[in-house]
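In my numbering, the protein residues as written are 4 to 154.
For glycine and all other residues, C-beta sits at the position ideal for the given N, C-alpha and C.
Note that the structure is predicted; figures quoted are calculated from it, not measured.
Heads up, the thing below is written out as structure tokens.
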């Protein structure tokens, strides 16, 4: 981060993390629906600790709550992993997205899985979540230019 760039406030950093997590969650959801529609959704724990099954097409139970819609167990695991990586990222203030980061904190297996999701869901985001996709593209371009100019 350059000297002229302001540091993010705690609130702005929190919003940035939530935005990144929401983008990744939406991409994983698109991928899962397109590739794993025959698989059963991952179970969720209810308020009393009992296991509950999420209905296909159910609405989200709360933004950022960690509870998932209709993901298969493999995609639910990937989403939880991606969320944990984002929560503990020490570079969040300095980077825009993981793809622009010089440190790769994902395990090789999970990195390959998230790349597969990104390749599938990236182009589809324009149709399913156009505002989110366009904002992501603009922020990524800004970051690439910033990195190039700081070299």
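Spatial distance of residue i from residue j (CA atoms)
{"i": "residue 134", "j": "residue 148", "result": "21 Å"}
{"i": "residue 17", "j": "residue 97", "result": "13 Å"}
{"i": "residue 109", "j": "residue 21", "result": "19 Å"}
{"i": "residue 25", "j": "residue 93", "result": "19 Å"}
{"i": "residue 38", "j": "residue 104", "result": "28 Å"}
{"i": "residue 15", "j": "residue 126", "result": "28 Å"}
{"i": "residue 152", "j": "residue 144", "result": "12 Å"}
Cut-off 8 Å between Cβ atoms - residues of its own chain near residue i, not counting five sequence neighbours on either side
{"i": "residue 115", "result": "none"}
{"i": "residue 131", "result": "29 and 33"}
{"i": "residue 139", "result": "26, 100 and 128"}
Sub-8 Å separation of residue i and residue j beta-carbons
{"i": "residue 85", "j": "residue 27", "result": "yes"}
{"i": "residue 81", "j": "residue 113", "result": "yes"}
{"i": "residue 78", "j": "residue 123", "result": "no"}
{"i": "residue 128", "j": "residue 29", "result": "yes"}
{"i": "residue 23", "j": "residue 89", "result": "yes"}
{"i": "residue 31", "j": "residue 120", "result": "yes"}
Contact set for residue i: own chain, Cβ-Cβ below 6 Å, skip 5 residues either direction
{"i": "residue 137", "result": "none"}
- Ranges of the alpha helix (DSSP H) found wholly within the region 67-148, counting only runs of at least 4: 76-90 and 111-131
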